[in-house]
Amino acid sequence: MKSFEIASQVKPTERQISWQNTEYYALVCYGMNTFTQKDIGEGFTGPNTFFPENIDTDQWAETIKDGAMNGLVLTAKHYDGFCNWPTETTDYSVKSSIWENGKGDIVKMAADSARKAGLKFGLYIPVWDRHEKSFKKSDGSFNKFFLAQLKELLTSYGDLFMIWLDDRCDETMAFDFDYASVYRTIRELQPDCAITFRGPDGRWVGNNRGVTRPEEWCVVPASYGFGENGEVLTSQKQKKTTQMELDIGSRKAVKKETEFIWYPCEVNYPIRSHWFYRKDDDYTVKTKDKLLNIYNRTVGNNSNLILGLAPDKRGKIADTDIQILKSTGHDLRIIFGYNLLKDGDITASSSLSGLYKPENIIADNDSFWCPDKNDKEPYITIKFHKTEMFDKVILKEHIRNGQKAEDFTVYIDVKGKWKKFSEGKSIGHKKICSERPVETSAVKIVFEKYRAPIEISLIQIN
Numbered sequence: 001m002k003s004f005e006i007a008s009q010v011k012p013t014e015r016q017i018s019w020q021n022t023e024y025y026a027l028v029c030y031g032m033n034t035f036t037q038k039d040i041g042e043g044f045t046g047p048n049t050f051f052p053e054n055i056d057t058d059q060w061a062e063t064i065k066d067g068a069m070n071g072l073v074l075t076a077k078h079y080d081g082f083c084n085w086p087t088e089t090t091d092y093s094v095k096s097s098i099w100e101n102g103k104g105d106i107v108k109m110a111a112d113s114a115r116k117a118g119l120k121f122g123l124y125i126p127v128w129d130r131h132e133k134s135f136k137k138s139d140g141s142f143n144k145f146f147l148a149q150l151k152e153l154l155t156s157y158g159d160l161f162m163i164w165l166d167d168r169c170d171e172t173m174a175f176d177f178d179y180a181s182v183y184r185t186i187r188e189l190q191p192d193c194a195i196t197f198r199g200p201d202g203r204w205v206g207n208n209r210g211v212t213r214p215e216e217w218c219v220v221p222a223s224y225g226f227g228e229n230g231e232v233l234t235s236q237k238q239k240k241t242t243q244m245e246l247d248i249g250s251r252k253a254v255k256k257e258t259e260f261i262w263y264p265c266e267v268n269y270p271i272r273s274h275w276f277y278r279k280d281d282d283y284t285v286k287t288k289d290k291l292l293n294i295y296n297r298t299v300g301n302n303s304n305l306i307l308g309l310a311p312d313k314r315g316k317i318a319d320t321d322i323q324i325l326k327s328t329g330h331d332l333r334i335i336f337g338y339n340l341l342k343d344g345d346i347t348a349s350s351s352l353s354g355l356y357k358p359e360n361i362i363a364d365n366d367s368f369w370c371p372d373k374n375d376k377e378p379y380i381t382i383k384f385h386k387t388e389m390f391d392k393v394i395l396k397e398h399i400r401n402g403q404k405a406e407d408f409t410v411y412i413d414v415k416g417k418w419k420k421f422s423e424g425k426s427i428g429h430k431k432i433c434s435e436r437p438v439e440t441s442a443v444k445i446v447f448e449k450y451r452a453p454i455e456i457s458l459i460q461i462n
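When the letters of the sequence shown are read in order and numbered with our numbering, they come out as residues 1 to 462.
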């Protein structure tokens, strides 16, 4: 069996499917760094420095919802070690601050606000801790400390859809971090929670600039990921996360590989120049057009997008950020709000059976279209009831059964002849083909290359 055929048989877990379906969500960066104006705190700033005068986590959640995002991920703590919840593990937390007389809990507030707004809730937690003394010890006692904090977070704040486990550390660690116990604890206490960045469920794109590879694949060589015990999955030297190779999933890239994993891409991108709020960043807030472009390039390229938001010292998101996010969300809802396929007649070159008919591509659910196995170049045709104008064609595979589609071309009818509108070399969870606006009465999508019989769950034209 060829490598690409082996890759086509790899399937995601239900946990990964749920996480990929979340698509677009926010990372709310709030903590001691908000008050010290530093990217990385030393870990010794007095707890009373942390004093949100008018924190409004409902505003966070409402802004995220208005921005058409589906989840809120909060920094439980950052590298300085200051905890946003009243932990029993250290004196360096909101519990030691004069804010709310030491009875405040940012994590609970954010979790409650997220769920009130209908958002999923997740947490960011780093390995590096510059305050905790055991981090500098070689006896591994920090592992016990970290697990104790993790258990508090996993058992006190309801269901979590993801943990963003940050393994960055600019210091030499004198001990081996116990990833196996961390993964096992998350699986036991939050079995539906995806572990991303340094985890087995989702991989980091490799940069903070919102730039993906030309084609992002869900299935990649096992050497890019980690097993459930935190181990490298093959004997090959694991690829460095700082080395962003441009092709890690095509037939050419995997032709010598024998082991594969479902390891979809996650892109992190801050709305400002820094992750935590700085007043001098006010002029750096990304425009609506920039955010829409990033959305198309990430969510539209088989990746999840986590957008960094930075509430200010008051505990509120700045008005400029709010207006841009609301405007972006409004446009996303308008752009993708109606599928022109509903105004057309859909036919296909073939169907495997009546169960896999082409009409299944209108509904984004577990139904899908699958061509006959003898159809060497299957295609879908949509004939509109009148001439339509659009600039985007969206495709989704039925990823529950794997990622199989490769080369495809989208054509439009121009005076009775098929003219190329767009093309791609992978689909996966979602592919957005975005081009200049066109007018046509018909669209044809041809699948020229695939690793196994394709299963298309959605085609949308906007």
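From the three backbone atoms N, C-alpha and C, an ideal C-beta is built for every residue, glycine too.
Computed from a predicted model, the values in this text were never measured in an experiment.
Give a yes or no on whether the C-beta atoms belonging to LYS430 and LYS396 are separated by under 9 Å. yes
For PHE44, which of LYS103, LYS383, PHE82, TYR269 has the nearest alpha-carbon? PHE82
Buried versus exposed, by CB contacts within 10 Å (16 or more), GLN16: buried
GLY337 to ASP112, Cα distance in whole Å? 28 Å
Label ALA405 either buried or exposed according to how many other C-beta atoms from any shown protein chain fall within 10 Å of its C-beta, with 16 as the threshold for buried. buried
Rounded to whole angstroms, what's the CA-CA distance from ASN208 to LEU165? Just pull it up for me. 16 Å
Return the first residue and the last residue of the beta strand (DSSP E) that SER422 is part of. 417-424
What do you get for LYS137, buried or exposed, if any count of 16 or more other CB atoms within 10 angstroms of its CB means buried? exposed
In this structure, how does DSSP classify ARG184 when only helix, strand and coil are distinguished? helix
If you draw a straight line from the alpha carbon of THR242 to that of ASP167, how long is it in whole angstroms? The predicted model places THR242 with a pLDDT of 48, which falls under 50 and marks its position as unreliable, so this point remains unresolved.
Going by Cα to Cα distance, which pick from ALA174, ASN374, THR381, THR75 is closest to ILE361? THR381
Beta carbon of SER350 nearer than 9 Å to that of LYS392: no
Other residues of its chain near THR212: CB distance less than 7 Å, five sequence neighbours each side excluded: VAL205, CYS265, VAL267, ARG297, THR298, ASN301, SER303
If you drop the 5 nearest sequence neighbours on each side, which residues of the same chain put their C-beta closer than 8 Å to that of MET109? ILE55, THR57
So what does DSSP say about LYS128, is it helix, strand or coil? Checking the sequence shown, residue 128 turns out to be Trp, not Lys. Reduced to three states, the DSSP call for TRP128 is coil.
Just confirm the distance between the C-beta atoms of ILE394 and GLN460, as a whole number of angstroms; I'd bet it's less than 8 Å. 4 Å
Proximity below 9 Å, CB of TYR79 to CB of GLY118: no
Quick one: grab the DSSP three-state call for GLU53. coil
With distances taken between CB atoms, is the gap from PHE197 to ASP159 smaller than 9 Å? no
Could you please give me the residues that DSSP links to GLY308 through a beta bridge? LEU27, PRO270
Around the Cβ of THR87, are there at least 16 other Cβ atoms within 10 angstroms (buried) or fewer (exposed)? buried
Buried versus exposed call for ASN471 [16 or more other C-beta atoms within 10 Å across all chains shown]: Because residue 471 is not part of the residues shown, which for the chain are 1 to 462, the question remains open.
What is the residue span of the beta strand (DSSP E) that LYS444 lies within? 431-447
Can you say whether ALA61 is buried or exposed, counting buried as having 16 or more other CB atoms within 10 angstroms of its CB? buried
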